[in-house]
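Be aware that the sequence shown starts at 288, since it is given in my numbering, and climbs by one per residue.
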Amino acid sequence: MSYNLENIFFNFQVKGSFKSGEPYGSGHINDTFLVITKETDNADYIFQRINHHIFKNVPKLQDNILRVTSHLRKKLEQTPGANPDRETLTLIPAIDGKPYYKDDEGNYWRIYIFINNNHSYDLVETPAQAYEGGKAFGRFQYLLSDLEGEPLFETILNFHNMDMRLETFFQTVKKDPKKRVALAGPEIKFVEERADEMTKILRLGEAGKIPQRITHNDTKFNNVLLDENDKRLCVIDLDTVMPGYVHYDFGDSIRTTTNTANEDEKDLSKVEMDIHLFEAYSKGFLEETKSFLTPVEIDNLAFSGKMMTFIIGLRFITDYIDGDNYFKIHHEHHNLQRAKAQFKLVASMERQFSQMQQVIENIMK
Ligand code: ADP
Ligand code: GN1
Ligand code: MG
288 MSYNLENIFF NFQVKGSFKS GEPYGSGHIN DTFLVITKET DNADYIFQRI NHHIFKNVPK
348 LQDNILRVTS HLRKKLEQTP GANPDRETLT LIPAIDGKPY YKDDEGNYWR IYIFINNNHS
408 YDLVETPAQA YEGGKAFGRF QYLLSDLEGE PLFETILNFH NMDMRLETFF QTVKKDPKKR
468 VALAGPEIKF VEERADEMTK ILRLGEAGKI PQRITHNDTK FNNVLLDEND KRLCVIDLDT
528 VMPGYVHYDF GDSIRTTTNT ANEDEKDLSK VEMDIHLFEA YSKGFLEETK SFLTPVEIDN
588 LAFSGKMMTF IIGLRFITDY IDGDNYFKIH HEHHNLQRAK AQFKLVASME RQFSQMQQVI
648 ENIMK
């Protein structure tokens, strides 16, 4: 699908003139473009077409993002040495003042200032990078802990609700709409064997043993921008910032930061959890959060790595059996391959689980 990006450009309060626009990044849900302006002294822009089939109330979603980015900006302005223009996203209002624009085809668009000279990694290369990611997401959680006003709008209901994800999975297996159940036997067994264990965080929440916080809920490592020296710069991709448990954020970062291979790696022998990257990320994260996390939250951080890797694998395999209606795919069995890689990573964490627990305990000493 191609879009008239120049036309979108005119509907926002942008500075400068449109030069070119190209697809950008590797996201599975929205469409992202880098738009370059003609003048060298004007900023470039990130354009995003928001997937309104998945985010069903875009005005409320954008209202969340405006609240979150304004709050972060205010906090950064009070922090000596901080640079609010580079350390939080800047939304550009549309001509009518709204934080989004709806085009004639019904597509919703938003624009951010492009933060230049950044590094965004799909695969982490060094413990130093992992540490910076941990600091960035830990700090993000801390800075949002005093967001005033009503709770943030839940942009996707039950997003990390394990009971709900499991129920959808079992229903989809039963329906088998694309006759793919036969191709996913080992993955279905993998889910069945772990289903009960994986609801632990929900049960702790229901029992009032862990608190709801404001969480990001999509803390993939490529959702933190590092600067030219690989120091933490900015947390991005704010569509799913809403109430949640700390385990959703810590766990999803562990899923992506510690993996020695890509999320959809075909050669499963390459997929392992790297304990050194785990240690570095955990250290960065806990430096920013240990003053306010509770002992029960901390005791379950290592488990959350397994849980979030499992739930993303579960969503990939569910989408595969359902006929690929949710995640963008690049070849026929892509979602199956993604699920296999995620479950291999869960197995790697299971093997190293006692070391993971030990790492957290040592950091907390
Ligand atoms: P998705 O939900 O599709 O992952 P993101 O919001 O994460 O979308 O954007 C996709 C990619 O675009 C990011 O990984 C990052 O490289 C880049 N990006 C997004 N926003 C900015 C920004 N304001 N400045 C620089 N790069 C950005
Ligand atoms: C999706 O859009 P992207 O790539 O940031 C998904 C996340 C998954 C991730 C897996 C709204 O994120 O939940 O963890 O893919 N986002 C949504 O890579 O479903
Ligand atoms: Mg992203």
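C-beta: ideal position from N, C-alpha, C; glycine also.
{"Asked": "Within this structure, are the beta carbons of Ile604 and Ala469 separated by less than 7 angstroms?", "Found": "no"}
{"Asked": "Would you mind reading off the limits of the alpha helix (DSSP H) that contains Gly472?", "Found": "Gly472 to Arg481"}
{"Asked": "Would you call Phe572 buried or exposed, if buried means 16 or more other Cβ atoms sit within 10 Å of its Cβ?", "Found": "buried"}
{"Asked": "Under 7 angstroms, CB to any heavy atom of the ligand MG. Which residues pass, going along the chain?", "Found": "Gly312, Gly314, Asp505, Lys507, Asn509, Asn510, Ile523 and Asp524"}
{"Asked": "Cβ of Gly610 within 7 angstroms of Cβ of Lys385?", "Found": "no"}
{"Asked": "Taking the beta carbon of Asn516 as the centre, do at least 16 other beta carbons fall within 10 Å, making it buried, or is it exposed?", "Found": "exposed"}
{"Asked": "Between the C-alpha atoms of Pro346 and Arg500, what's the straight-line distance to the nearest angstrom?", "Found": "23 angstroms"}
{"Asked": "Starting from Ser591 and walking both ways along the alpha helix (DSSP H), at which residues does that stretch end?", "Found": "Leu588 to Asp609"}
{"Asked": "Output the distance between the C-alpha atoms of Cys521 and Lys461, rounded to the nearest integer angstrom.", "Found": "43 angstroms"}
{"Asked": "Are the segment 578–595 and the segment 637–647 in contact at 8 angstroms, needing three or more beta carbon pairs?", "Found": "yes"}
{"Asked": "From the DSSP output, which residues share a beta bridge with Leu661?", "Found": "With the chain covering only 288 through 652, there is no way to say anything about residue 661."}
{"Asked": "From Arg490 to Thr377, what does the alpha carbon distance come to, in whole angstroms?", "Found": "38 angstroms"}
{"Asked": "Cβ of Ala316 versus every heavy atom of the ligand GN1: is any distance shorter than 6 angstroms?", "Found": "Per the sequence shown, the amino acid found at residue 316 is Ile instead of Ala. Yes; taking the cut-off as 6 angstroms, the Cβ of Ile316 has a heavy atom of the ligand GN1 nearer than that."}
{"Asked": "Quick one: is the Cβ of Tyr395 within less than 6 angstroms of any heavy atom of the ligand ADP?", "Found": "no"}
{"Asked": "In terms of DSSP beta bridges, what is Val322 paired with?", "Found": "Gly308 and Tyr332"}
{"Asked": "From what residue to what residue does the beta strand (DSSP E) around Met529 run?", "Found": "Met529 to Gly531"}
{"Asked": "Taking 8 angstroms as the threshold, find out whether the segment 419–426 comes into contact with the segment 313–328 through three or more Cβ pairs.", "Found": "no"}
{"Asked": "So, are the CB atoms of Leu525 and Val411 less than 7 angstroms apart?", "Found": "no"}
{"Asked": "Please report the Cβ distance between Ile398 and Ile379, rounded to the nearest whole angstrom; I am assuming they are in contact, meaning their Cβ atoms lie under 8 angstroms.", "Found": "4 angstroms"}
{"Asked": "At the level of alpha carbons, what is the spacing between Glu437 and Phe597?", "Found": "32 angstroms"}
{"Asked": "Between the Cα of Leu512 and the Cα atoms of Thr547, Glu419 and Met449, which residue gives the shortest distance?", "Found": "Glu419"}
{"Asked": "When you compare the CB positions of Ile497 and Tyr532, do they come within less than 7 angstroms of one another, or not?", "Found": "yes"}
{"Asked": "My understanding is that Ile382 touches Asn298, with C-beta atoms under 8 angstroms, so please give their C-beta distance in whole angstroms.", "Found": "6 angstroms"}
{"Asked": "Give me the residue from Tyr290, Gly308, Gly314 and Gly495 with the minimum Cα distance to Ile616.", "Found": "Gly314"}
{"Asked": "Distance check for Thr544 and Ala626, CA to CA, integer angstroms please.", "Found": "17 angstroms"}
{"Asked": "Confirm the yes/no value for this check: CB of Ile562, any heavy atom of the ligand GN1, distance under 6 angstroms.", "Found": "no"}
{"Asked": "Rounded to a whole number of angstroms, what is the C-alpha to C-alpha distance between Tyr311 and Asp318?", "Found": "8 angstroms"}
{"Asked": "Is Ile599 near the ligand GN1, in the sense that its beta carbon is under 6 angstroms from a heavy atom of that ligand?", "Found": "yes"}
{"Asked": "What residue from Lys306, Asn291, Trp396 and Gln365 has the CA that sits closest to Asn344's CA?", "Found": "Trp396"}
{"Asked": "Within 10 angstroms of the Cβ of Gly495, are there 16 or more other Cβ atoms? Answer buried if so, exposed if not.", "Found": "exposed"}
{"Asked": "When DSSP builds the beta bridges, which residues end up paired with Tyr388?", "Found": "Trp396"}
{"Asked": "List the whole-angstrom C-beta distance separating Phe334 from Gly308, where the pair is believed to meet the contact cut-off of C-beta under 8 angstroms.", "Found": "7 angstroms"}
{"Asked": "Kindly indicate which three-state DSSP category Thr543 falls into: helix, strand or coil?", "Found": "helix"}
{"Asked": "Report all residues from its chain with a CB closer than 7 angstroms to the CB of Pro371; omit the five preceding and five following residues, and keep chain order.", "Found": "Arg360, Leu363 and Glu364"}
{"Asked": "Can you give the Cα-Cα distance for Pro582 and Lys306, rounded to whole angstroms?", "Found": "53 angstroms"}
{"Asked": "Quick one: grab the DSSP three-state call for Phe446.", "Found": "coil"}
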